[in-house]
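Structure, as C-alpha cells:
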C-alpha cells in the first residue's frame, strides 16, 4: 500500500498574479529539505501539494518532521493511497488506519469528492466506508457529533486518499519570499524568537552577533550557533557574522557617563549592523526588543537607537510579554539553550543605574568623546563568518 503526504497551503492561496513565484519557492524548499529523508516526487494540483515516496527506502517519519518545520505549509497529513474504486477505498481505510481504528471507541467518516466523475456522492462514499469499518472493527460505534476518530476519504484527480485529522504545519510564507534582513542575535531568549517570527513571514535572515572577548567565551558564541540551528530547521541555512566590540565597550566605559553605556552600545550595534546589512543587500534590521522589558527598551531609549538606523528596524516582539516569548521559545526548542549560563556582550559592563529615558541630544553629546567612525570601521574588520546548517 502506497503512503504519501498531502499538504495544505495557508495565505499563499490569496496571492494574485505573483502566486506562481510563491508556489515555486515552496516546492523547491520541500524538495531540498526532504533530500535527507529519501527520494520523493513533489507536485502541485488542486490547491494541494503531493509528496510521494519514490521507493521503500524513504524515511516517512523523518520526512514528517521536516515538513512540520517548513514555512508556507499550514497543515499536512500522511495518507494511504487507493484506486478510485469503492472496494479499494474501503480496503485501504480498514488496513491503513488499522492502529487508529483499533484504539478508538467511536468514529465518523467525512468524504470529499473533488473528482465529480466518481459515481458515488460524498455522503454515499462515507456510508460505504463506514460500513466496511464496522464489519471489521466490531467494538466501534458511529458518533457523528463527538467522535474519537474522524476518518477522511478524498477522491481526487490522481487517486483516492484515506487519512485522519491533519497535522499542523509551521504556517507563514515560504522562506525567501519576504525579502532579506539582518537580525541582531544574542544568546538570550528574545532575539531567536524574533528571528523565527520574521523568517516565518518569508524573510531571509543575515544573523549579526556581537562578542566581547575575552569577557565573553567561545562557548557563549557556540550557544548562539546552536540557537540559530534551531531557527534554521524552519528557514534553512544561513551565515552568522560575529563582530568583536570589546574595544568599543572599553572606550564607552572610559569616556562616557556610566548611566548611558547600554544605549550608546546599542547605537554602535545598529551602526555596524547597518553596514553589514547594506553589504548583503538587506532591506531592514530585526531586533528582539520588547517595550519596557529592560532599561534600553523604553520608547525614549529605542528612539535613541533608531536615530542612527539607516534601514527600517523591525521589532516583532515589541508588544509581547515575557511569558509569551518563553512559550514560543519552548515551542521551537530554543529555551533550554537560551538559559545556559554563558555571558554575552549585553551583560558585561552593565551599568548599575542605567538611564531609562535619555533624550537623543544627551546621547549625541556623550558620543562626541568617541571616534565613532574609526571604532565602527575597526569592528567591521573583525567580522568572522560562521555557516549555520540544518541538523
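In this note's numbering, the protein residues as written are 33 to 423.
Glycine residues also receive a C-beta, built at the ideal position from the N, C-alpha and C atoms.
Residue interval of the beta strand (DSSP E) (run including residue 107): Residues 105–114.
Cβ neighbour criterion (16 or more within 10 Å) applied to residue 52: Its Cβ having fewer than 16 others within 10 Å, residue 52 is exposed.
Opposing strand residues paired with residue 181 [DSSP bridges]: Paired residues: 139.
Burial state of residue 376, where buried means 16 or more other Cβ atoms lie within 10 Å: Counting Cβ neighbours within 10 Å, residue 376 comes out buried, since at least 16 surround it.
Within-8 Å CB hit, residue 245 to chain C: No chain C is present in this structure, which holds just one protein chain.
Inter-stretch contact (C-beta, 8 Å, three-pair minimum) for the segment 182–193 and the segment 144–158: Contact between the segment 182–193 and the segment 144–158 is present, because at least three Cβ pairs lie under 8 Å.
Rounded distance between the beta-carbons of residue 350 and residue 317, thought under 8 Å: Separation of the CB atoms of residue 317 and residue 350 is rounded to 13 Å, and the pair is thereby denied contact status at 8 Å.
Residue range of the unbroken alpha helix (DSSP H) whose run includes residue 95: From DSSP, the alpha helix (DSSP H) with residue 95 extends over 92–99.
Residue 200 classed as buried or exposed, judged by whether at least 16 other C-beta atoms fall within 10 angstroms: Only exposed fits residue 200, as fewer than 16 other CB atoms lie within 10 angstroms of its CB.
In chain order, each beta strand (DSSP E) run of at least 3 residues that lies wholly inside the segment 285–334: Entirely contained in the segment 285–334, the beta strand (DSSP E) runs reaching 3 residues are, in chain order, 316–318.
Residue 25 (DSSP reduced to helix, strand or coil): Past the boundaries of the shown model lies residue 25; the chain is included only from 33 to 423, so the question cannot be answered.
Length of the line joining the Cα atoms of residue 286 and residue 399: Straight-line Cα distance between these residues: approximately 12 Å.
Those runs of the beta strand (DSSP E) which lie wholly inside the segment 191–250 and span at least 3 residues: Runs of the beta strand (DSSP E) inside the segment 191–250: 192–195, 212–216 and 236–243.
Cβ pair residue 348, residue 229 closer than 8 Å: With a cutoff of 8 Å on beta-carbon distance, residue 348 and residue 229 are scored as near each other.
N- and C-terminal bounds of the alpha helix (DSSP H) containing residue 61: In the DSSP assignment, residue 61 falls within the unbroken alpha helix (DSSP H) covering 51–65.
Rounded separation between residue 116 and residue 182 - CA only: The alpha-carbon of residue 116 is positioned some 20 Å away from that of residue 182.
At least three beta-carbon pairs within less than 8 Å, the segment 299–317 to the segment 203–221: Output reads yes: the segment 203–221 touches the segment 299–317.
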